[in-house]
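The next block holds one structure in the form of structure tokens; read it before the comments.
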Amino acid sequence: LYTVAALPPGSRKSPVFSSMTEPISEVEKALAEKLMPEIITLRVDKKAAEDQAARAADQLAKASIDEQEGARHVAHSAALAAAAIEVPAEPQLFVDDITPEKLAAMIAEQGGAMAGLSAESEIFNVIAGRYSSTPNLNVFLKSHAGDAMRVNRQSRAAETVERPALTLGICTQPGALAEFATIPGAGDRGLLARFLFTIPESNIGERETEPEPADPTAHLAWDAKLKTLILSMRDLAEPIKLTLSPQADALRQAVSADYEVMMGEGGRLAGMRDWASKAVGTMARIAGLLHLAEHLTKGHTVPVAE
């Protein structure tokens, strides 16, 4: 999902944002601590293997004609052994200020999934071309649709991510939305149509200045559910496939038919067909996420209910 909540300055969105993302940061830290011994071991092994391959290549270069065949076999074997050692990237679950090129690389490094979460509008500036002077929309378009993405990196061979999955959760100011809409290509290439926007009515001037603390059980429940979801799904070999119950699928079909009519000439959604054409799919995405949150570790074994 790509979501944007726009609130004026002083709305206290940053503390809420921090509270919502804190469990993700805690899981990220725990994953890094768990995997660090393996990562360090593989780094050392790969460095040693690369050094050995380099020495073997030097020996091949210096070998006499009679020695070249054997030296070539040793050098090739050493190079293949070094290349076979894959060092996993340190776990990272979300990013904030990052170039599109680096974001694509991180999606590849992290197994095809990444989140961009921010209490500011920096991601819009990145999309607009802060680091490249020209907008770079591809990673944001493909990672919402799940279209295969080819990632080129300096230190490694090009890699194809078959079904990239990016989540964007952004809190920003209403004025930033107008700037976002002016990014060249954001409208006609369908980037704006991928977002869910909410602009809540501001309650500044009517708030309790000394409010009651938030219910701690709600925080604990959020913390536990989010951590369970991340840890139970992060290392699955294959993506989960959700199924709809017959009643849920009938509802999906009915909504799809309704939206098709509303997108027709003179219909309620005729002026925003690009967004409306994705709305039924977005409904299914939201339903799937709520379904997984409800069933946690066994959501893929239970059909999504109406």
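When we follow this note's numbering, the leftmost residue of the sequence shown carries the number 1, and every step to the right adds one.
Where is the CB? At the ideal position from N, CA and C, for every residue including glycine.
(1) Closest to valine 151 by CA distance: which of Asn138, Ala145, His144 is it?
(2) Report yes if the CB atom of alanine 75 is closer than 7 Å to the CB atom of alanine 56, and no otherwise.
(3) Do you know offhand how far methionine 114's Cα is from glutamate 162's?
(4) From the DSSP secondary-structure annotation, give me the bridge partner or partners of leucine 196.
(5) Report buried or exposed for glutamate 33, applying the criterion of at least 16 other Cβ atoms within 10 angstroms of its Cβ.
(6) Out of Glu159, Thr160, Pro164, Pro135, state which residue places its alpha-carbon closest to the alpha-carbon of glycine 146.
(7) Measure the CB-CB distance between proline 91 and aspartate 223 and report whether it falls below 7 Å.
(8) State the Cα-Cα distance for the pair serine 277 and tyrosine 259, rounded to the nearest angstrom.
(9) Give a yes or no on whether the C-beta atoms belonging to alanine 119 and serine 14 are separated by under 7 Å.
(10) Taking 7 Å as the cut-off, decide whether the C-beta atoms of glycine 190 and aspartate 274 are in contact.
(11) Could you tell me the boundaries of the beta strand (DSSP E) in which glycine 116 lies?
(12) Within 8 Å, do at least three Cβ pairs link the segment 188 to 207 to the segment 36 to 45?
(13) Can you list, in chain order, the residues of its chain with a C-beta nearer than 7 Å to that of histidine 300? Leave out the 5 residues immediately preceding and following it.
(14) Could you pull the DSSP bridge partners for methionine 149 from this structure?
(15) So who's on the other strand from glycine 169, going by DSSP bridges?
(16) Name the residue from Gly271, Gly264, Met263, Met36 whose alpha carbon lies nearest to the alpha carbon of proline 88.
(17) Check whether the Cβ atoms of alanine 79 and alanine 48 sit closer than 7 Å, and answer yes or no.
(18) May I ask you to report which of helix, strand or coil DSSP gives valine 304?
(19) Evaluate proline 313 with the Cβ neighbour count: other Cβ atoms within 10 Å of its Cβ, from every protein chain shown; 16 or more gives buried, anything less gives exposed.
(20) With DSSP run on the structure shown, which of helix, strand or coil describes valine 95?
(21) Is the beta carbon of leucine 296 less than 7 Å from the beta carbon of threonine 228?
(22) If I'm right that threonine 172 touches valine 16 with Cβ under 8 Å, what's the distance once you round it to whole angstroms?
(23) Which of helix, strand or coil does DSSP assign to leucine 137?
(24) Among residues of its own chain, excluding the 5 on either side of alanine 71, which ones have a beta-carbon nearer than 8 Å to its beta-carbon?
(25) Under three-state DSSP, which class holds leucine 244?
Let me lay it out:
(1) For the purposes of this step, residue 151 is identified with residue 151 of the sequence shown, where counting begins at 1. Measuring from the Cα of valine 151, the nearest candidate turns out to be Asn138.
(2) Indexing the sequence shown from 1 puts residue 75 at position 75. Indexing the sequence shown from 1 puts residue 56 at position 56. Yes, these two residues count as a Cβ contact at 7 Å.
(3) Here the question's residue 114 lines up with position 114 in the sequence shown. Here the question's residue 162 lines up with position 162 in the sequence shown. If you draw a straight line from the Cα of methionine 114 to the Cα of glutamate 162, it is about 14 Å long.
(4) Numbered from 1 along the sequence shown, position 196 holds the residue referred to as residue 196. DSSP, once it has assigned bridges, lists Thr3 as partnering leucine 196.
(5) Along the sequence shown, one-based indexing puts residue 33 at 33. Burial call: exposed.
(6) As a working mapping, residue 146 is identified with position 146 in the sequence shown. The candidate whose alpha carbon is nearest that of glycine 146 is Pro164.
(7) Position 91 of the sequence shown, counted from the first residue, corresponds to residue 91. Position 223 of the sequence shown, counted from the first residue, corresponds to residue 223. Not closer than 7 Å, so no.
(8) Within the sequence shown, numbered from 1, the residue matching residue 277 stands at position 277. Within the sequence shown, numbered from 1, the residue matching residue 259 stands at position 259. In a straight line, the C-alpha of serine 277 is about 8 Å away from that of tyrosine 259.
(9) Walking along the sequence shown from the start, residue 119 turns up at place 119. Walking along the sequence shown from the start, residue 14 turns up at place 14. Between alanine 119 and serine 14, the CB-CB gap stays under 7 Å.
(10) Translated into the one-based positions of the sequence shown, residue 190 becomes position 190. Translated into the one-based positions of the sequence shown, residue 274 becomes position 274. Yes; because the gap between Cβ atoms is below 7 Å, this pair is in contact.
(11) Residue mapping note: residue 116 aligns to position 116 of the sequence shown, counting from 1. Note, glycine 116: beta strand (DSSP E), 113 to 118.
(12) With a cut-off of 8 Å, the segment 188 to 207 and the segment 36 to 45 do not count as touching, because too few Cβ pairs lie within range.
(13) As a working note, residue 300 is residue 300 in the sequence shown. Exclusion of the five residues before and after histidine 300 leaves Ile240, Lys241, Leu242 as the residues of its chain whose Cβ lies within less than 7 Å of its Cβ.
(14) Numbered from its first residue, the sequence shown carries residue 149 at position 149. Val161, per the DSSP bridge assignment.
(15) As a working mapping, residue 169 is identified with position 169 in the sequence shown. DSSP, once it has assigned bridges, lists Thr3, Leu117 as partnering glycine 169.
(16) For the purposes of this step, residue 88 is taken as residue 88 along the sequence shown, with counting starting at 1. Of the candidates Gly271, Gly264, Met263, Met36, the residue whose Cα lies closest to the Cα of proline 88 is Met36.
(17) Your numbering for residue 79 matches position 79 in the sequence shown. Your numbering for residue 48 matches position 48 in the sequence shown. Going by beta carbons, alanine 79 and alanine 48 fall outside the 7 Å limit.
(18) Mapped onto the sequence shown, residue 304 falls at position 304. In this structure, valine 304 counts as strand in the three-state DSSP scheme.
(19) Not covered by the structure: residue 313. The range shown for the chain is 1 to 306.
(20) Residue mapping note: residue 95 aligns to position 95 of the sequence shown, counting from 1. Three-state DSSP puts valine 95 in a strand.
(21) Position 296 of the sequence shown holds residue 296. Position 228 of the sequence shown holds residue 228. Yes; because the gap between Cβ atoms is below 7 Å, this pair is in contact.
(22) Start at 1 with the first residue of the sequence shown, and residue 172 comes out as number 172. Start at 1 with the first residue of the sequence shown, and residue 16 comes out as number 16. Their Cβ separation, rounded to whole angstroms, is 14 Å, which puts threonine 172 and valine 16 out of contact at 8 Å.
(23) Walking along the sequence shown from the start, residue 137 turns up at place 137. Three-state DSSP puts leucine 137 in coil, outside helix and strand.
(24) Here residue 71 is taken as the residue at index 71 of the sequence shown, counted from 1. Once the five neighbours on either side are set aside, the close Cβ partners of alanine 71 are Ala56, Gln59, Leu60, Ala63.
(25) Taking the sequence shown and counting its residues from 1, the one referred to as residue 244 is at position 244. For leucine 244, the secondary structure class from DSSP, reduced to helix, strand or coil, is strand.
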